[in-house]
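Top to bottom, those sequences are chains G and Y.
Read in this note's numbering, the first sequence has 37 at position 37, and its numbers run on one by one without any break.
To convert a position in the second sequence, counted from 1, into this note's numbering, add 1000.
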Amino acid sequence: MNEAAAKPPKRSRQLWLWAALILIGVAMPWVFYDWHTARQSGFVLTMMSQMGMMVIFSLSYNMLMGQSGLLSFGHAVLFGLGGYCTVHFLEAAGHHSFPVPLELIPLCAGLTGLGFGIVYGYIAATQRATAFAMITLGLGELTTTAGIMFHHFFGGEGGISTDRTNASSLFGLSYGASVQVYYLILAWTVLAALGMLFLTKTPLGAMANATRDNFERARFMGYDPRRVRFLQFALSGFFAGIGGGLYAITYEIVTYDAVSGALSANVVLMTYIGGATFFYGPILGAILITLLQSGLSLLSNAWLIYVGVLFIGMVTFAPSGLAGIIGAHGPLARAGRLGRLLVPYLRLSIPAFATLIGFSGAVELTSFLTIGEAQGKHLVLFGETIQVWTPQPWIVTAILLIGGGIWLRRECRAFARIWDDLNADLKDRSL
Amino acid sequence: MEIVLNPLLNGFVYGMLLFMLASGLTLIFSMMGVLNFAHAGIYMIGAYVAFDMSRLIGFWAALIVAPLVCAAIGAGIEVWGLRRTHHNGHIAELLFTFGLFFIIERGVQMVWGMLPVPYRVPALLDFPLFRLYGVDFPAYRAFMLLIAGGMLLAIRLLLTRTRVGLIIQASLTHPQMVSSLGHNVPRVFTLVFAGGCYLAGLAGVIGGNYQVTEPAMAASLGPIVFVVVVFGGLGSLSGCFVSSIVIGMVQTFAVSIDGSLADLLGPIVAWIGTDNLAGEILSIPVSRVGPLLPYAMMVGILMFRPRGLMGTRDT
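Right, dumping it as structure tokens:
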């Protein structure tokens, strides 16, 4: 194989991409700056803050899922416990018994996350594969139930709340405005992401990959896979704890939702949809799912159905996630052949759009029959109220869904042919 | 006597319900290596379909039809879904069923609404069968026991007396060998998956009006069924039966015990005080710890004996 075709993109170009991403993060609050009220858009700030935490959280999850091949169904435990501890830290800061500035409190949350990661990891790392998934599921359920039951630490069902302005600041900031908190989150997100990127380059990161791919062989080489699992689990607890600390600082309240199975499930979805086999995959997933969460949930009662279908689609057709799909275009892009895919993509997009409209129509019509009616809402499209009890909208969606689906299948086959031809051609040339 | 006998009977009924769910799951898990997250979702679909049908065609017809609907759904999932993800490995299959559960849960909320539906016990069985120490034992629970027991017998006969059953049994332990002998293992998989979903649907029909038919019923029972399967052990139906009954009893008995550790360790707790975390842990009543116990049992058994009570190989 030719050197040029096999080589990954240049380091400097990757660096530029990262820098651009950070720059977007820095600039975003000012893009949506409201000059009339002289304030940043609260919606955008909340969403971007949520994205930051979720990026840290899903990157830390990927230390288990993508890098070590361990499927955890209780990762929110480490996130939430970090959050609970942060609330206690902030309360203590209010009584002047915890003299740590707010900028460093996420680090303390990370250390508690590391502590819980060591405890839970000691238990969970005894097993791998499905048994590991089951242990983490059990630990997650245990912690959630305990969170509802015990009042002193967890505050029961109401959770515990605090005030982030209790803590002092290194830079003399009050952290009353959410834009200051947002920049704190951004800084910690960059730091945590760099830390995790660094960990993948260490011998531990390499051994995690080795035990994922062939744990018996790793054992023959003299490494204890259990220890590798334990270390990965504990360290991912550290980063999840940082995420949880930022969560507590942003919302100033932590309830058992932060340790619950729902959040654990969410991080599985984010990481997998983004692409677990790439380091930057979870970042994409966290950004996409948070966007859907804040945007789609305003429009639709059934937005989780779309996320679920997207997830199943990824599992079935693109197991390497969004990052994998993007990565597959790499060789073509480097050979300058990406333009040849433009027309096939356009042809694909028409039936795909029709199917999407048909599918979301079916979902929305069903949801307006039940939930929408219970809430007294009506389906309004282009300024016209659509009568969901009449057959016309159903017939239209059925035609779009079924017709579009059949058409999409045909186009997919044609697209796959072109794709294979292009890649085969590329291989021939490089030989 | 009364604090033992009543929970014993109720625990047995609950355990049998768990067994109906867990038996299908353990067959699927042992054969295909897939821990089917969507299993409790199928149970929920069974309950909701039975609710709709019992209003249209009556409970007895629903008892026959609803499980068949679930079996058809199961076969569809296996043929069009799981088989396609099979080449990506067990983790992908697990994640597939996980996503499916997600969709089923939201889908049920969309179709039947967020609130519980009034799925009731049929009038014919709505009377107390006998009284035990002042507590009525409803006839419907006896009916549940009858169905579950009959099903247990049917599975047993099917697995030991028929040719298909022998192939299934062989596939439990040696899937590659069975395939090498020329049996169509994928078709056996579909059959087992549909059969497991049939059982889950049947459990939904008789369990939906015993408990409450609501969108959260799957999420609350699903993890418990996993506990049963893992605790009983892979590849062993009798282990699954024992662990169903044990978990059913543990949960029922825990609810009926009103004491706490503080009652045993009175002076020590008085010294610690109930105002702090340690005191709170000690003085929490056993009845509230009940929901924790199955998970603690699962974590414990996975740590120390990963093959479960009677399993033939590690999880």
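The beta carbon of each residue, even a glycine, is placed where N, CA and C say it ideally should be.
Model, not experiment: these values are computed from the prediction.
- At a Cβ cut of 7 Å, what residues of the segment 304-323 of chain G count as close to chain Y, listed as they run along the chain? Leu304, Ile305, Gly308, Val309, Phe311, Ile312, Val315, Thr316, Pro319
- Message: Which residues of the segment 122-133 of chain G have a Cβ closer than 8 Å to any Cβ of chain Y? Give them in chain order.
- Response: Ile123, Thr126, Gln127, Ala129, Thr130, Ala131, Ala133
- Residues of its chain near glutamate 3 of chain G, where Cβ-Cβ distance is below 7 Å and the 5 sequence neighbours each way are ignored: The predicted position of glutamate 3 of chain G is uncertain, since its pLDDT is 41 and thus under 50; no value can be drawn from it.
- Query: In whole angstroms, what is the alpha-carbon distance linking isoleucine 185 of chain G and arginine 13 of chain G?
  - Reply: 25 Å
- C-alpha gap between leucine 1100 of chain Y and phenylalanine 1037 of chain Y, whole angstroms: 8 Å
- Query: Bridge partners of arginine 1131 of chain Y, per DSSP?
  - Reply: Y/Asp1136
- Query: Are any of the Cβ atoms in chain Y nearer than 8 Å to that of glycine 82 of chain G?
  - Reply: no
- Same chain, Cβ closer than 6 Å to isoleucine 253 of chain G, five either side skipped, listed in chain order: Gly159, Ser161
- Message: Within a Cβ cutoff of 6 Å, which residues of the same chain sit near valine 1069 of chain Y, ignoring the five residues on either side of it in sequence?
- Response: Val1049
- Simplified DSSP assignment, three categories, for serine 300 of chain G: coil
- Beta-carbon proximity of valine 1108 of chain Y to isoleucine 1045 of chain Y, cut-off 8 Å: yes
- Task: Run down chain G in chain order and give the residues with a C-beta less than 7 Å from the C-beta of methionine 1303 of chain Y.
- Result: Ile123, Thr126
- Item | chain G within 8 Å of isoleucine 1257 of chain Y, Cβ atoms only | no
- Message: Between threonine 370 of chain G and chain Y, is any beta-carbon pair separated by less than 8 Å?
- Response: yes
- Own chain partners of serine 294 of chain G with C-beta closer than 8 Å, once the 5 adjacent residues on each side are dropped: Phe43, Thr46, Met47, Gln50
- Message: Cutting at 7 Å between CB atoms, please list the residues of its own chain near valine 190 of chain G, excluding the five before and the five after it.
- Response: Ile22
- Task: Compile a chain-ordered list of the residues in the segment 138-171 of chain G whose CB is closer than 8 Å to at least one CB of chain Y.
- Result: Gly138, Leu139, Glu141, Leu142, Thr145, Ala146, Met149, Phe150, His151, His152, Phe153
- Query: Can you tell me the Cα-Cα spacing of valine 1230 of chain Y and glycine 1239 of chain Y, whole angstroms?
  - Reply: 10 Å
- Query: Does threonine 366 of chain G come within less than 8 Å of chain Y when only Cβ atoms are used?
  - Reply: yes
- Task: Please name the residues in the segment 1096-1110 of chain Y whose beta-carbon is closer than 8 Å to at least one beta-carbon of chain G, in chain order.
- Result: Phe1096, Phe1098, Gly1099, Leu1100, Phe1102, Ile1103, Arg1106, Gly1107, Gln1109, Met1110
- Message: Let me see if you follow: with CB-CB separation under 8 Å, is threonine 1173 of chain Y close to chain G or not?
- Response: no
- Message: Contact criterion: CB-CB distance below 8 Å. Does tyrosine 256 of chain G meet it with respect to chain Y?
- Response: no
- How big is the Cα-Cα spacing for alanine 208 of chain G and glutamine 232 of chain G? 7 Å
- Message: Nearest by alpha-carbon distance to valine 1225 of chain Y: which of Y/Gly1015, Y/Leu1009, Y/Val1004, Y/Asn1006 is it?
- Response: Y/Gly1015
- Message: Short of 8 Å Cβ to Cβ, which residues in the segment 1079-1093 of chain Y face chain G?
- Response: Gly1081, Arg1084, Thr1085, Asn1088, His1090, Ile1091, Ala1092
- Task: Give a yes or no on contact between the segment 303-321 of chain G and the segment 272-286 of chain G, applying the rule of three or more CB pairs nearer than 8 Å.
- Result: yes
- Query: How close, in whole Å, do the beta carbons of serine 41 of chain G and leucine 102 of chain G come, if the pair is a contact with beta carbons under 8 Å?
  - Reply: Going by Cβ atoms, the distance from serine 41 of chain G to leucine 102 of chain G rounds to 23 Å, so no, they are not a contact pair.
- Message: Between the segment 213-226 of chain G and the segment 81-97 of chain G, can you find at least three pairs of beta-carbon atoms closer than 8 Å?
- Response: no
- Roughly how many angstroms lie between the CA atoms of methionine 1 of chain G and leucine 332 of chain G, to the nearest whole one? With a pLDDT of only 35 at methionine 1 of chain G, under the threshold of 50, the placement of this residue in the model should not be trusted; the figure read from the coordinates follows. C-alpha separation (whole angstroms): 15 Å.
- Between the CA atoms of alanine 248 of chain G and glycine 94 of chain G - distance to the nearest angstrom: 15 Å
- Query: Counting only beta-carbon atoms, is arginine 413 of chain G nearer than 8 Å to chain Y?
  - Reply: no
- Query: What residues of chain G sit near glycine 1235 of chain Y, judged by a beta carbon separation below 7 Å?
  - Reply: In chain order: nothing, as chain G lies at least about 14 Å away.
- Put isoleucine 1284 of chain Y into one of helix, strand or coil per three-state DSSP. coil
- Message: Within 8 Å of any Cβ in chain Y, is that where the Cβ of valine 268 of chain G sits?
- Response: yes
- Query: What did DSSP end up calling alanine 5 of chain G once you bin it into helix, strand or coil?
  - Reply: With a pLDDT of only 43 at alanine 5 of chain G, under 50, the local geometry of the prediction cannot be trusted, and no value is derived from it.
- Query: How should phenylalanine 171 of chain G be labelled, buried or exposed, when 16 other C-beta atoms within 10 angstroms of its C-beta is the threshold for buried?
  - Reply: exposed
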